[in-house]
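Let me begin by presenting the structure, written as structure tokens, before commenting on it.
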Amino acid sequence: MKIAKNTKELNSLKGNTRPVGFVPTMGALHKGHFSLVNEAVRHTPLTVISIFVNPTQFNDENDLKNYPRDLQKDLNNLDRILRENDIVYVPMEKEIYPEPDNRIFDFGHLDKIMEGKNRPGHFNGVGQVVSVLFRLVNPDLTFFGEKDLQQLAIIRKLVEMLKIPVSVVGMPIVRESDGLAMSSRNQLLGKNERKAAPVIYKSLLEAVNLRKKEKIEIVKEKTIRQINKSPYLSVEYFEIVDETTLLPVKSWNESTDIYGCIAVKAGEIRLIDNIKF
């Protein structure tokens with residue numbers, strides 16, 4: 001693989017190869033990221049992976065400060081799966097934001113619910129950095145994990161709004177052996193919180209089974225109660241929504257594609273997950 005530290009190096013290494021696959025990341029890579037990378041490699045003759053911790057999507061300075069970083073470990077892991085001509089793009093902040101980015105995106109209701117409600121400004125920051133990266137990398141396909149279901153919807157809306165010629169590919173959630181959805185933040189969990197966290201996915205599986213005999217409100221109540229039994233976990237929200245609009249549904253026959261989306265505080269760490277009903 002090759003490493004590009006700025007756009008000039010990136011363009012030189014890319015050459016005229018098409019199509020280009022792109023996986024934007026903030027580093028602290030895990031098997032979930034690697035599933036995206038492998039899919040990009042499988043579909044494109046040239047894959048670009050970016051590693052950039054984007055400050056504009058953090059509404060909590062401590063979260064930004066504590067976000068796990070280990071660039072050398074990430075590079076070593078990527079070197080095992082990328083090909084000789086694939087590129088890891090590791091720009092400095094001034095490369096992405098030579099000037100302050102004051103753009104405000106109108107994502108409609110998509111950035112005002114669930115994660116957007118709990119993390120104001122987060123998705124606008126995501127829109128800023130992803131739109132810049134799309135412009136600099138100029139990919140044909142881009143790969144995002146479905147664990148961040150709301151982010152995936154935001155990215156698709158961004159591409160539509162800005163008329164960016166890229167296909168957005170969603171990839172299934174990758175889980176630990178105990179069911180916990182893989183996340184860079186998992187390594188920040190304390191021992192007790194990590195031990196308790198698998199109950200999130202277990203409760204989501206039970207929620208799917210409850211669909212057969214319970215109304216949506218009862219399923220939500222039982223799921224939240226089950227997770228909150230742990231002294232180390234606290235549900236921020238659990239919404240049962242339509243996959244496309246991400247708006248809550250009131251009955252099981254209201255949509256053909258229904259997901260349960262959840263955010264849980266495990267100590268000071270926020271964990272998100274979702275499941276298809």
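Quick note: the sequence shown uses the numbering used here, first residue 1, plus one each step.
Glycine included, C-beta positions come from ideal geometry on N, C-alpha and C.
The structure presented is a predicted model; accordingly, all values stated were derived computationally and were not measured.
Proximal residues to residue i (C-beta, below 8 angstroms), its chain only, five neighbours per side dropped
| i | result |
| --- | --- |
| P68 | G27, A28, S184, R185, Q187, L188 |
| I278 | No information on residue 278 is available, as it lies outside the stretch 1 to 277 that the chain covers here. |
| V166 | F22, F134, P139, D140, L141, T142, V159 |
| L204 | T223, G260, I262, D273, N274, I275 |
| R211 | V219, W252, F277 |
C-beta contact flag for residue i and residue j at 7 angstroms
| i | j | result |
| --- | --- | --- |
| A196 | G260 | no |
| F134 | I164 | yes |
| Q72 | V126 | no |
| S50 | P19 | no |
| P45 | T7 | no |
| R232 | N274 | The residue asked about is misnamed: residue 232 is Tyr in this sequence, not Arg. For Y232 and N274, no; Cβs fall outside 7 angstroms. |
| I87 | K2 | yes |
| S234 | V199 | no |
Status (buried if at least 16 other CB within 10 Å, exposed otherwise) for residue i
| i | result |
| --- | --- |
| G116 | buried |
| K147 | buried |
| I227 | buried |
| S12 | exposed |
| I224 | buried |
| G21 | buried |
| N209 | exposed |
| I262 | buried |
| H122 | buried |
| L10 | buried |
| E239 | buried |
| P91 | buried |
| N54 | buried |
| K14 | buried |
| D79 | exposed |
| D74 | buried |
Sequence-distant residues of the same chain with beta carbon closer than 7 angstroms to residue i, five excluded per side
| i | result |
| --- | --- |
| K250 | I216 |
| M182 | H30, K31, G32, V174, R175, E176 |
| P172 | E146 |
| K157 | F107, L110 |
| L162 | S131 |
| I96 | F52, V129, V132 |
| R103 | Q128 |
| V168 | T142, F144, I155, R156, V159 |
Those residues which DSSP pairs with residue i across a bridge
| i | result |
| --- | --- |
| S50 | P24, Y89 |
| A207 | Partner(s): none; A207 has no beta bridge. |
| A263 | Y237, I272 |
| T142 | F22, V168 |
| I3 | V88 |
| I258 | D242 |
Own chain residues within Cβ distance below 6 angstroms of residue i, not counting five before or after
| i | result |
| --- | --- |
| I269 | R185, L188, L189 |
| V137 | F22, V48 |
| P248 | E239, V241 |
| E267 | According to the sequence displayed, residue 267 carries Gly and not Glu. Excluding residues within five positions, the ones whose Cβ falls inside 6 angstroms are G190, E193. |
| K65 | none |
| Y89 | A4, L10, V48, S50 |
Beta-carbon separation (whole angstroms), residue i vs residue j, contact threshold 8 angstroms
| i | j | result |
| --- | --- | --- |
| N85 | F105 | The pair is not a contact, with the Cβ atoms about 34 angstroms apart (cut-off 8 angstroms). |
| G170 | F144 | 6 angstroms |
| P120 | N59 | 6 angstroms |
| Q150 | L246 | 6 angstroms |
| E236 | V264 | 7 angstroms |
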